[in-house]
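S.K.: Before I ask anything, let me first share the structure, which is written out below as structure tokens.
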Amino acid sequence: MRALTFKQLGPIEAIELSQIPLQRPGKGQVRIKLTSAGLNRADTLFPEGRYFFKPAFTSAYSQNTTAEALFCRLGFEGAGIIDEVGEQVDYQVGDRVAITPLALDVCQQGCFAEYGIYEASSLIPTPEALSDQEAAAIWMQYLTAWGGLVLDGNLQAGQSVVITAASSSVGIAAIQIGNMLGATTIATTTNVDKVQQLKQLGAQYVINMKSDDYVEQIKAITNDKGTDLVFDAVAGPDIRYLVQGSSRGGKIIIQGMLDRRPMEIHPGVLMKRLLTITGFTLDKLIENKEQLQKAIDQITNGINQQQLTPVIAQMFKLDQFNEAFALLKSNKHTGKIVITP
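Under the numbering used here, the letters of the sequence shown match residues 52 to 392, in that order.
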């Protein structure tokens with residue numbers, strides 16, 4: 052079968068489409084014929100050694116354990132159809148499922164492939180309302196958004212939430228979840244062409260960070276109160292504007308670092324305004340089984356009621372992966388980039 056792999060840490064240009072053996076599931080496992088996989092920022096950082104954990108290169112498909120034979124698959128989330136089950140598994144052949152993001156060994160089970168072996172306990176049934184392609188465009192972003200807004204942010208109806216870099220798949224998911232919760236959703240972008248797109252995608256307000264005065268816009272939207280919550284994917288020195296626009300007792304949750312420059316925040320401002328700045332990564336939610344199931348149930352219900360609708364920017368075949376990665380790097384897309392076998 053075919054799968055995207057890399058053999059050492061380095062630029063994403065070293066990723067290649069490889070032939071690897073097709074395996075059979077063991078006890079408690081299923082084999083999935085993958086129909087789609089979502090492309091995430093993690094897929095660019097991981098091969099470069101810049102993600103939160105490093106690749107554990109494997110020789111799982113070969114008896115050859117020399118350095119030249121070691122490799123790592125790629126793809127943090129995917130979906131497909133079960134085509135074989137191991138012992139002690141309740142799922143059936145033909146069931147449509149997705150793999151819980153981060154609940155897999157990426158190097159051995161990466162989803163940019165034609166097939167994968169996964170633990171049955173890591174699977175999520177695909178909502179009936181979704182196509183096979185859409186099924187890989189939901190869980191990473193909606194679980195991340197739910198974890199930040201609900202689990203950590205405790206966002207309530209009537210409160211305001213700012214979503215930065217809002218044209219990303221996580222940003223769009225956060226807009227939709229914020230609206231579903233009854234909050235006032237304020238999206239930001241640096242691209243003038245995306246302002247109208249974000250309004251069409253449900254953002255109640257959109258601020259262009261390149262041309263608008265962020266703090267003045269926030270004052271006008273919130274009647275001088277400031278924002279209750281900020282869900283930030285950017286970080287960097289411009290976080291000072293998010294701080295200035297926050298309400299007394301407000302919270303800023305950092306879930307990304309598109310700008311890797313140091314943040315510049317005077318501690319006196321945090322103390323005087325009683326602000327909280329905290330980081331969030333999806334593994335916090337994945338490790339909390341009770342909250343994870345609650346999130347899955349609410350997201351599935353939102354999808355079935357058409358309150359949550361995944362937005363696919365573009366789909367690429369597996370052998371077009373270079374084009375898919377180039378589009379992600381360009382930041383010109385809106386929504387999720389999906390790769391299909």
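Note that beta-carbon positions come from the ideal geometry of N, C-alpha and C, so glycine has one too.
(1) Express the C-alpha separation of residue 307 and residue 162 in angstroms, rounding to a whole number.
(2) Where does residue 349 fall in DSSP's three states?
(3) Does the beta-carbon distance from residue 212 to residue 282 come in below 8 Å?
(4) Using the Cα positions of residue 294 and residue 215, report the straight-line distance between them to the nearest angstrom.
(5) Decide if residue 318 is buried, meaning its Cβ has at least 16 other Cβ atoms within 10 Å, or exposed.
(6) So, helix, strand or coil for residue 373, using DSSP?
(7) Compute the distance between the beta-carbons of residue 52 and residue 165, then report whether it is under 8 Å.
(8) What is the DSSP secondary structure of residue 366, reduced to helix, strand or coil?
(9) Let's test the definition: count the other Cβ atoms within 10 Å of the Cβ of residue 243 and tell me whether it reaches 16, buried, or not, exposed.
(10) Considering only the alpha carbon of each residue, which of 97, 369 and 356 lies closest to residue 228?
(11) Let's see if you can read the secondary structure: which residues bound the beta strand (DSSP E) around residue 102?
(12) Relative to the alpha-carbon of residue 381, which residue among 77, 82, 171 and 92 has its alpha-carbon at the smallest distance?
(13) Between which two residues does the beta strand (DSSP E) harbouring residue 176 extend?
(14) Alpha carbon to alpha carbon, what distance is there between residue 74 and residue 189?
(15) Mapping the DSSP letters down to three states, classify residue 291 as helix, strand or coil.
(16) Closest to residue 252 by C-alpha separation, out of 145, 217, 321 and 80, would be which residue?
(17) Mind listing, in chain order, the continuous beta strand (DSSP E) runs of no fewer than 3 residues lying wholly within the stretch 142-183?
(18) Taking 8 Å as the threshold (C-beta atoms), are residue 354 and residue 395 in contact?
(19) Just curious, the alpha helix (DSSP H) that residue 273 is in, first and last residue?
(20) Are at least three pairs of beta-carbons, each pair with one atom in the stretch 368-387 and one in the stretch 52-69, less than 8 Å apart?
(21) Mapping the DSSP letters down to three states, classify residue 238 as helix, strand or coil.
M.R.: According to the data block:
(1) Each residue's Cα considered, the two are about 22 Å apart.
(2) helix
(3) Yes, the pair counts as a contact, with Cβ atoms nearer than the cut-off.
(4) 13 Å
(5) It is exposed - the Cβ of residue 318 has fewer than 16 other Cβ atoms within 10 Å.
(6) helix
(7) yes
(8) strand
(9) exposed
(10) Here the closest residue by C-alpha is 356.
(11) No beta strand (DSSP E) holds residue 102; DSSP gives it neither H nor E.
(12) 92
(13) 174-176
(14) 27 Å
(15) helix
(16) The shortest C-alpha separation from residue 252 is found at 217.
(17) 147-150, 166-170 and 174-176
(18) Nothing can be reported for residue 395, as the shown portion of the chain is limited to 52 through 392.
(19) 265-273
(20) yes
(21) In the structure shown, residue 238 falls within a strand segment according to DSSP collapsed to helix, strand and coil.
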